[in-house]
Each structure stands twice: as structure tokens, then as C-alpha cells.
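Which chain is which? The protein sequence lines are A and B, in order. Heads up, the first sequence is in the numbering used here, so the first residue is 7 and it goes up one at a time. Heads up, the second sequence is in the numbering used here, so the first residue is 753 and it goes up one at a time.
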Amino acid sequence: DTGVSQDPRHKITKRGQNVTFRCDPISEHNRLYWYRQTLGQGPEFLTYFQNEAQLEKSRLLSDRFSAERPKGSFSTLEIQRTEQGDSAMYLCASSTLAGVYEQFFGPGTRLTVL
Amino acid sequence: KQEVTQIPAALSVPEGENLVLNCSFTDSAIYNLQWFRQDPGKGLTSLLLIQSSQREQTSGRLNASLDKSSGRSTLYIAASQPGDSATYLCAVALMDSSYKLIFGSGTRLLVRP
Numbered sequence: 007d008t009g010v011s012q013d014p015r016h017k018i019t020k021r022g023q024n025v026t027f028r029c030d031p032i033s034e035h036n037r038l039y040w041y042r043q044t045l046g047q048g049p050e051f052l053t054y055f056q057n058e059a060q061l062e063k064s065r066l067l068s069d070r071f072s073a074e075r076p077k078g079s080f081s082t083l084e085i086q087r088t089e090q091g092d093s094a095m096y097l098c099a100s101s102t103l104a105g106v107y108e109q110f111f112g113p114g115t116r117l118t119v120l
Numbered sequence: 753k754q755e756v757t758q759i760p761a762a763l764s765v766p767e768g769e770n771l772v773l774n775c776s777f778t779d780s781a782i783y784n785l786q787w788f789r790q791d792p793g794k795g796l797t798s799l800l801l802i803q804s805s806q807r808e809q810t811s812g813r814l815n816a817s818l819d820k821s822s823g824r825s826t827l828y829i830a831a832s833q834p835g836d837s838a839t840y841l842c843a844v845a846l847m848d849s850s851y852k853l854i855f856g857s858g859t860r861l862l863v864r865p
């Protein structure tokens with residue numbers, strides 16, 4: 007069990023550029039969640055997958071955001087035409103479909119939009 | 753709409769003190785409650801998970817309690833150490849098919865040597 011990994015750990019981009027983040031969940035975890043955390047706040051839910059199906063998207067996820075989990079394993083989160091307000095920590099978590107549904111978090115990707 | 757509040761927002765204590773962090777939530781229909789630790793610029797480390805049917809969980813110097821009917825949870829840290837300095841986040845899992853977490857804003861703890 008290597009834990010949840012995220013790549014890159016840090017991303018600096020200019021406003022208007024597209025960025026993509028990757029999350030690798032704990033193997034055999036069916037559920038994968040994305041959260042966004044701004045400075046001084048708790049994380050906020052963005053979206054989640056069960057296997058390859060995206061089952062819910064928050065209203066925070068504007069049409070500039072898209073997430074995929076093509077084979078039910080890793081997931082990508084893409085932000086198109088980044089804005090300064092997109093600067094945040096993007097956190098990924100995974101859990102099993104049984105038991106207590108405990109979520110395990112990755113180290114996050116810190117995005118800075120200049 | 754579920755809302756989670758944590759009090760205090762910040763806390764500074766001398767080493768060795770026992771302390772209590774508070775978490776309250778507005779809707780008692782939760783699946784579980786998790787306490788996390790977050791170091792600056794890092795991800796979240798799960799500390800304790802309490803299922804909705806449980807009243808408390810313990811791990812080492814940490815004890816978390818849950819009173820679902822009143823919408824409250826506490827995290828008790830015994831004999832605090834400088835290494836405990838971090839932000840502590842409380843989150844409730846919604847009782848729907850998503851089990852997504854709703855977080856409080858956290859308590860920033862500083863334990864002074």
C-alpha cells in the first residue's frame with residue numbers, strides 16, 4: 007500500500023493557460039474524490055468517481071474544469087483558461103466501496119496562477 | 753445544507769497541556785466523522801474516524817468523541833508536544849450515496865516548547 011499520490015506537487019502557470027493534474031489512488035479503491043482548498047479554509051468537494059463513472063460534480067466545478075478516470079484507476083483534473091481565482095491546493099482522496107468509507111488523502115497539488 | 757464549524761480557529765498552548773478542539777455540525781444525518789491533521793503546505797493525514805453509531809475513538813494520546821444528536825465532536829489531545837503543532841480539520845461524511853466530506857475551517861494549533 008503506497009498511499010495516494012499526486013503529480014505535480016506544485017504548478018505555477020500564467021493566467022489563461024491550461025493545466026492538468028494527476029491522482030493515483032490506493033490500488034483497488036473504487037472511489038476517488040477531488041477537493042479544493044484555499045488558504046485558511048477547509049477543503050471543498052469538487053467531484054467524485056466510482057470506478058470510471060463520474061457520479062457527482064459540485065457547482066464549484068465550472069465548465070472550465072473537467073475530470074476523468076478513464077480506466078477506473080488514476081484520475082486527471084484539467085483546468086482550462088486558468089484564472090487567478092483558481093489558485094488553491096487540489097487534493098485527491100480515495101476509499102473503498104465497503105466498510106466505513108474512510109477517505110485517504112494524497113499530498114495535494116499546489117496551483118499558483120500568475 | 754450541512755455546515756461544519758470548528759472552535760477555536762487558533763490555539764497556542766505550552767508543552768504538556770491537555771487540550772480540547774471542538775467541532776459542530778448542523779445536520780445529524782452523517783455517516784461518519786473524521787479528524788485530520790494538516791501540516792503547512794501538505795496534504796491531510798487521517799487521525800481518527802468515528803462511525804455514526806460510535807461514541808468515541810482513541811489512538812495514542814488522541815481521543816475523539818461524537819454526540820450525533822447534538823451535532824458535536826471533540827478531539828482531546830493529552831500531554832501536548834511541539835510536534836503536535838499543525839492544523840486540525842474535522843469533516844463529516846454525508847449520509848447519501850456519495851459519502852463526500854464536508855469540512856470545517858480547522859483549528860491552528862501551536863504547542864510552545
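No residue lacks a Cβ here, since even glycine has one placed at the ideal position from N, Cα and C. What you are looking at is a predicted structure, and each value in this text was computed from that prediction instead of being measured.
- Residue nearest to A:GLU108 within the set B:ARG824, B:LEU846, B:LEU861 is B:LEU846 (criterion: CA-CA distance).
- One Cα belongs to B:VAL863, the other to B:SER776, and the distance between them is close to 23 Å.
- For a Cβ distance threshold of 7 Å, residue set SER850 of chain B lies close to A:GLU62, ordered along the chain.
- When only Cα atoms are considered, B:ASN815 and A:GLU74 end up about 38 Å apart.
- In summary, B:ILE759 is exposed, with fewer than 16 beta-carbon neighbours lying within 10 Å of its beta-carbon over all protein chains present.
- In this structure, A:GLU50 lies away from B:SER850, with their beta-carbon atoms at least 8 Å apart.
- Put simply, the stretch 14–27 of chain A does not touch the stretch 830–846 of chain B. Fewer than three CB pairs are less than 8 Å apart.
- With its beta carbon less than 8 Å from one in chain A, B:GLY793 belongs to the interface.
- The C-beta of A:VAL106 comes closer than 8 Å to at least one C-beta of chain B.
- Within its own chain, the residues whose Cβ lies closer than 7 Å to the Cβ of B:ILE854, once the five positions on either side in sequence are excluded, are GLN754, VAL756, ALA843, VAL844, LEU846, listed in chain order.
- DSSP links A:ASP30 through a beta bridge to A:SER11.
- If you draw a straight line from the Cα of A:THR44 to the Cα of B:SER805, it comes to about 32 Å.
- The Cβ neighbour count for A:ILE18, taken over all protein chains shown within 10 Å, is under 16; the residue is labelled exposed.
- Counting the other Cβ atoms within 10 Å of the Cβ of A:GLY22 gives fewer than 16, which makes it exposed.
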